[in-house]
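Here is the structure we will look at.
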Amino acid sequence: MHWTFSAIRIILVYVVFGSLWIFLSDQGLALITEDAAQFVQWQQYKGIAFILVTALLLYGLLALSQRQLAQSEARLRLFIEHAPAALAMFDTELRFMVVSRRWLSDYGMLGEDLTGRAHYEVFPEIPPRWRAVHQRALRGEVLSGDNDAFVRADGRTQWQRWEVRPWYRADRSIGGIVIFTEDITVQKEAEREMRIAAKAFEIRQAMIIADAEQRILRVNHAFCRITGYRQDEVIGRTPALLKSGQHGPAFYQAMWQQLKAQDQWQGEVWNRRKNGQIYPVWLHISAVRDAEGCISQYIGTFEDMSLHKQAEARIHHLSYFDVLTNLPNRRLFIDRLQQALRASQQLGHRGAVFFIDLDDFSALNDTQGHEVGDQVLIGIARRLFAAVNTDETVARLGGDEFVVVVENLDAEAEASMLQATQSGEQMLAAIRQPLQVDGSQYVMTASMGISLFDGAVDTVTDLLKRADASMLQARKLGRDRLHFFDPAMQQALEQRVGLEARLRRAIPEQLRLHYQPQVDAGGRVLGAEVLVRWQDPEQGLISPAAFIPLAEASGLILPMGQWILRAACEQLRCWEDDPALRGLSLAVNVSARQFQQADFVEQVVETLQQSGANPRWLKLEITESLLCEHLDQVVATMTRLKAVGLQFSLDDFGTGFSSLSYLKRLPFDQLKIDQSFVRDLEVDEHDAAIVRTIIALGRSLGLEVIAEGVETGTARDFLAAHGCECYQGYYFARPMPIAEIEGWLSAGSGG
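Just so we're aligned, residue 1 is where the sequence shown starts under UniProt numbering, counting upward by one.
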């Protein structure tokens, strides 16, 4: 037991006082009284007085001691709380007793009251290593260190010099521990800066330093210049902020695996600048290990490869594209033509090669100079590119020679020739338009050779030779024209061109309207379909199958369709004056090209007004092909015409892209079953099933169903048995001119 000087002094005072009290008080009592009984009684009073006096003295001493202890504790608490160092005092249960303000500040907890709270409750992430240090201190050890990092409550990492020691009670028993810490982060950062400087940090390449957890510690000026980030924007973050999204997780996983295994990695990486621009870099990463062999930092350097990539792209572009016009050159054209041949062979469609040579271009070069000639070539290239679809190839072989590949032509030879002719004429027309160069106007023409292919045995060389030969033939025949390689196709082209010219002159003088009656199940005539015929002076009556596609392709269908509509409306007006014919409807076929005109509704309304026809007896027949594109526009047009009073019939139903979705949206009144299904329904169960389905569909949608091409009573009976109550076909009547059908109707043939 350890005695303090104050305790010994108090004991000595008590012994002296007690001894004097005992001896002197007895002698004093003996002098006062000799009565034994009274002496004994006074001794009792004396004992009581002694007890009271000593109790008061003891109370005073204890009170003084408590005040001194409280003052001491207050001074200690004040000292610790306001100490310039980070101090914390804990009891044996590691509950906070006193904490300095510096401690709270260092750990990001300034203003919080930790008194009485458990250390591990406040810092649950304390690792086992430090818990072991605390336990050793509670057993009497004093421990310290100066190379350890702690994570603050706000997530920042702080380097500290620390000491943990026990504190003792008055009886020398351990009352808890005291933890002292000193922030040496600045010192550590200074040391790290020195190491970084030793690595030649400020090089021309971008450099980035990260810790073992990949948090960025520092970047150099080149990094900021290349990425667009300031240093303060990246410090503490990870390099992931540079990710472009061009690489998947597997790429980065392989990178870090190699880096940890070999301490370095290098390769091409696509990064993202602060402004969002993606760019390529050549990245090299090295791992720095400490004395214990653990990775302490990563050092990455990278160089912006954008200029290298641009140079590579430029070289590649020059290898495949013409310098002057920026069109594909011969090398790329041959590659694309080979692809077109393979696709034609696999898919069964045809294609065409167009060989184009400008007429008298050499004379232009000689008289106006090569600079003007180059500008003309650039202008022609732009026009050719604009004249074809985006998926078709326009190339310049050199000089004033251009070639074009058009794919996906019709599989039928004649149809593909017609399509190629249309494309060629569009290109020649584009070339023919005046060009403005340096204030002067130039008009160019070209000779064009066309070679069709189907991928069977054609080669690139053969196709180019044929197209070139055809171009030379076109030039011999007068220039500013096209010529097919195949003699038979050339002959067919000439015939078709002649037919188109005659058709253009034939509208409307040589066109005739025929009418085929439409009847119900009882044989009552409901109306007729208007059919156009061409009475050619040279060839006689020409089938619509021969001239309608030509009219569609050439655009003549527009004036033809307008004439047919006007003639039908005038006929309806005439029938209004005949009681026997009043109330019959006329169905007029409208082509997709005609229907899609912006002013089609206005044309119809104007025709009705001029003719005086009742719109309720006019029915417009449109085909399914019209509905495959611009459906919203079709809905709007039909809705406006329905408001006028017209009816609509969906022609050739079942042969196109049938869809319930458009049937529900469009205001049709009637479905017309195509004659290709009706003709063979007696012998073809497949056609019969289709007809039954169409009838059921029409009835479920509340639409009238009419069948065309009814040629036998058996077919009529089949249709009637399954719910179709309107018919058209040779079984009832063939198409007839107006005088003939009016006589037929007046004679009661429709009754």
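Beta carbons: idealized from backbone N, C-alpha and C, even for Gly.
Since the model is a prediction, treat every value here as computed from it, not as a measurement.
Residue i, enclosing alpha helix (DSSP H) - first and last residue
| i | result |
| --- | --- |
| Thr714 | 713–721 |
| Gly743 | 738–746 |
| Thr639 | 631–644 |
| Gln310 | 306–320 |
| Asn365 | 361–368 |
| Leu418 | 413–432 |
| Thr227 | 221–227 |
| Val678 | 675–678 |
| Glu538 | First-last for Glu538: undefined, no H or E at that position. |
| Asp106 | 101–106 |
| Asp687 | 685–700 |
Reduced DSSP category for residue i - H, G, I as helix; E, B as strand; rest coil
| i | result |
| --- | --- |
| Lys274 | coil |
| Cys294 | coil |
| Thr325 | coil |
| His2 | A caution first: His2 carries a pLDDT of 48, below 50, which makes its placement in the model unreliable, though a value can still be read off. It is coil, neither helix nor strand. |
| Ser173 | coil |
| Leu143 | strand |
| Leu626 | helix |
| Gln728 | strand |
| Pro735 | coil |
| Ala592 | helix |
| Glu112 | coil |
| Ile216 | strand |
| Gly750 | Bear in mind that a pLDDT of 46 at Gly750, under 50, signals an unreliable position, so the number given afterwards is only what the model happens to contain. The answer is coil: DSSP assigns Gly750 none of H, G, I, E or B. |
| Leu477 | coil |
| Ala613 | coil |
| Glu93 | coil |
| Phe668 | coil |
| Gln258 | helix |
| Leu87 | strand |
| Ser585 | strand |
| Val443 | coil |
| Pro127 | coil |
| Ile10 | helix |
| Thr461 | helix |
| Ile507 | coil |
| Pro166 | strand |
| Ala501 | helix |
| Glu576 | coil |
| Leu556 | coil |
Exposure of residue i, with buried meaning 16 or more beta-carbon neighbours within 10 Å
| i | result |
| --- | --- |
| Gln277 | exposed |
| Thr115 | exposed |
| Lys260 | exposed |
| Leu24 | exposed |
| Asp652 | buried |
| Gly18 | exposed |
| Met1 | For Met1, the predicted structure reports a pLDDT of 46, less than 50, and the residue's modelled location is therefore unreliable. The matter cannot be settled from this model. |
| Asn220 | buried |
| Asp359 | buried |
| Asp35 | exposed |
| residue 775 | Since the first residue of the chain shown is 1 and the last is 751, residue 775 is not available in this structure. |
| Val323 | exposed |
| Val13 | exposed |
| Gly751 | Low confidence applies to Gly751: its pLDDT is 41, below 50, so where it sits in the model is not reliable enough to give any reading. |
Assumed close pair residue i, residue j - CB separation to whole angstroms, cut-off 8 Å
| i | j | result |
| --- | --- | --- |
| Val588 | Ala568 | 5 Å |
| Leu332 | Ala381 | In fact, because the Cβ distance is near 14 Å, the residues do not count as touching under 8 Å. |
| Leu409 | Gln419 | 5 Å |
| Thr301 | Ala206 | 7 Å |
| Leu531 | Pro735 | 5 Å |
| Arg593 | Glu552 | 6 Å |
| Ala170 | Thr157 | Between Thr157 and Ala170 the Cβ distance is about 40 Å, and since that is not below 8 Å, they are no contact. |
Host beta strand (DSSP E) of residue i (start-end)
| i | result |
| --- | --- |
| Pro517 | 511–520 |
| residue 814 | The requested residue 814 does not occur in the structure, where the chain is confined to residues 1 to 751. |
| Phe333 | Here Phe333 belongs to no beta strand (DSSP E); instead the alpha helix (DSSP H) covers 330–347. |
Segment contact flag, the region 705–712 with the region 664–673, C-beta cutoff 8 Å, min 3 pairs: Yes: the two stretches touch, three or more of their Cβ pairs being nearer than 8 Å.
The region 616–628 contacting the region 547–560, beta-carbon criterion three pairs below 8 Å: Here the region 616–628 does not lie against the region 547–560, with fewer than 3 beta-carbon pairs under 8 Å apart.
At least three beta-carbon pairs within less than 8 Å, the region 159–172 to the region 137–145: Yes, since at least three Cβ pairs between the region 159–172 and the region 137–145 fall closer than 8 Å, the two stretches touch.
Three or more C-beta pairs below 8 Å linking the region 420–439 and the region 347–365: Verdict: yes, contact present.
The region 436–448 contacting the region 478–486, beta-carbon criterion three pairs below 8 Å: The answer is yes - the region 478–486 touches the region 436–448, with three or more Cβ pairs under 8 Å.
Inter-stretch contact at 8 Å, needing at least 3 Cβ pairs: the region 267–275 / the region 169–186: By the C-beta criterion, the region 267–275 is judged not to be in contact with the region 169–186, since fewer than 3 inter-stretch pairs fall below 8 Å.
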